[in-house]
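According to full-length UniProt numbering, the sequence shown is numbered sequentially starting from 1.
Every residue, glycine too, gets a C-beta built ideally from N, C-alpha and C.
The model shown is predicted, which means the values in this text are computed figures rather than measured ones.
In what follows, a structure is listed as structure tokens, so that the remarks can point back to it.
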Amino acid sequence: MLLIDSINIYIVKITKKKRFTEQDILSVIDSKLEESINIEFKSSGSLSFDSISKKEMSKDVAAMANSDGGIIFYGIKEIDHVASQLSFINGREITKEWIENVLTSNIQPKIDDLRIIPVRFGNDLERSIYVVIIGRSPDSPHMNSDKKYYKRYNFQSVPMEEYEVRGSYLKDHESKVIFSNIQLMKPFIKYDIFRVDFHIQISNEGRYVAERYKVACWLKLSNLIDYIYPLTNGYDITIDQNQGLKFSTTRMVPIFPNEFITCLTFTLEVPRKDFYKIIKGASCDILVFSLKGKKNTKVDIEDLLADAYKMELTKSLSA
1 MLLIDSINIY IVKITKKKRF TEQDILSVID SKLEESINIE FKSSGSLSFD SISKKEMSKD
61 VAAMANSDGG IIFYGIKEID HVASQLSFIN GREITKEWIE NVLTSNIQPK IDDLRIIPVR
121 FGNDLERSIY VVIIGRSPDS PHMNSDKKYY KRYNFQSVPM EEYEVRGSYL KDHESKVIFS
181 NIQLMKPFIK YDIFRVDFHI QISNEGRYVA ERYKVACWLK LSNLIDYIYP LTNGYDITID
241 QNQGLKFSTT RMVPIFPNEF ITCLTFTLEV PRKDFYKIIK GASCDILVFS LKGKKNTKVD
301 IEDLLADAYK MELTKSLSA
């Protein structure tokens with residue numbers, strides 16, 4: 001038997017193959033490859049025109065996509081879950097296009113990362129093997145034609161529990177909004193005051209429009225509280241003498257994939273005579289909340305403020 005590590009390496013290699021040869025198929029049998037959560041063998045009788053066979057085929061493919069992906073070999077017989085012998089399929093009757101049509105018609109939504117590779121022994125259509133490679137789908141869960149969702153469990157395709165279906169939706173379609181940047185805008189010195197606008201920017205790294213998220217900015221230095229003025233519409237303010245001041249969004253603007261936006265803005269006005277004393281040790285935590293929890297990014301803003309102040313001071317002196 002192949003060792004587990006060898007099987008994993010084999011699966012990775014085989015899923016990258018663009019074509020298969022007779023020798024590739026024979027090596028599966030010679031190595032006595034076992035079925036697993038990622039591997040399944042089906043004899044020729046599994047591909048048939050009756051509705052039960054079609055439903056079973058789409059169930060197995062959907063289960064792979066809803067789990068970790070994998071490979072189904074149609075035309076290899078198994079004994080006790082071990083590849084044992086060839087079981088040729090008549091490729092004149094069961095074509096690649098027919099298989100694609102059955103899967104497309106019976107699985108919703110359509111599985112994009114799906115490849116069907118025919119292997120003709122001796123270039124004979126009547127001695128065909130079909131290798132179906134299914135990637136782990138980012139669009140899961142996929143529903144079968146019987147209105148059920150399936151997953152791989154040991155050597156089988158079994159119905160998913162209600163909580164698993166719900167969790168799959170939340171997992172794959174959750175907000176993938178992340179903190180992107182803090183920009184200091186419109187710095188200027190007027191009389192004894194240094195003023196600058198903070199822009200907190202976020203981006204969507206997911207595949208879907210992000211609509212359910214929240215962003216908060218904890219300013220960790222209580223010295224700054226008296227010098228901050230919010231500019232953002234739709235915000236909430238929390239003041240804590242130990243933790244500082246928190247701005248948080250109260251409205252969620254849809255963010256499209258690969259889009260970034262400014263979600264929070266506020267102005268800082270600091271007396272010049274106490275500037276370095278006030279900003280000493282200044283930092284903030286940017287928190288991005290989603291259905292799965294929160295991500296926290298700590299940002300040192302003391303250096304950002306000091307650099308902006310120096311640049312504006314140099315500009316004002318040279319004017």
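Whole angstroms are fine: how far does the CA of I99 sit from the CA of I107? 12 angstroms
What's the gap between the Cα of Q183 and the Cα of V299? 12 angstroms
I need the DSSP call for D307, collapsed to helix, strand or coil. Residue state, collapsed to three classes: helix.
Please state whether DSSP places M57 in a helix, a strand or coil. helix
Indicate whether P138 and V165 have their beta-carbon atoms separated by less than 7 angstroms. No. Outside cutoff.
Can you say whether G281 is buried or exposed, counting buried as having 16 or more other CB atoms within 10 angstroms of its CB? exposed
Mind listing, in chain order, the continuous alpha helix (DSSP H) runs of no fewer than 4 residues lying wholly within the stretch 142-175? Secondary structure in the stretch 142-175: the alpha helix (DSSP H) runs of 4 residues or longer, each lying completely within the stretch, are 162-173 in chain order.
Can you give, in chain order, each stretch of the alpha helix (DSSP H) that sits fully within the stretch 254-301 and has at least 4 residues? 275-279
Just the Cα atoms here: how many angstroms apart are I200 and I286? Cα-Cα distance, rounded: 8 angstroms.
When burial is assigned at 16 or more other CB atoms within 10 Å of the CB, is D146 buried or exposed? exposed
Can you tell me which of the three DSSP states residue 331 falls into? This structure does not reach residue 331, given that the chain is present from 1 up to 319, and the question cannot be answered.
My output table needs one value for L2: the three-state DSSP class, helix, strand or coil. The predicted model places L2 with a pLDDT of 45, which falls under 50 and marks its position as unreliable; any figure quoted below should be read in that light. Coil, per DSSP.
Consult DSSP for K42 and reduce its assignment to one of helix, strand or coil. strand
Determine, using beta carbons only, whether I94 and V132 come nearer to each other than 7 angstroms. no
If you run the structure through DSSP and keep just helix, strand and coil, what is S48? coil
Have a look at T262, A216, V253 and flag the residue whose alpha-carbon is nearest the alpha-carbon of K246. A216
Run through the stretch 178-209 for me and flag every whole beta strand (DSSP E) of 3 or more residues, listed as ranges in chain order. 193-204
Is the stretch 187-195 touching the stretch 150-162 in the sense that three or more CB pairs, one from each, lie closer than 8 angstroms? no
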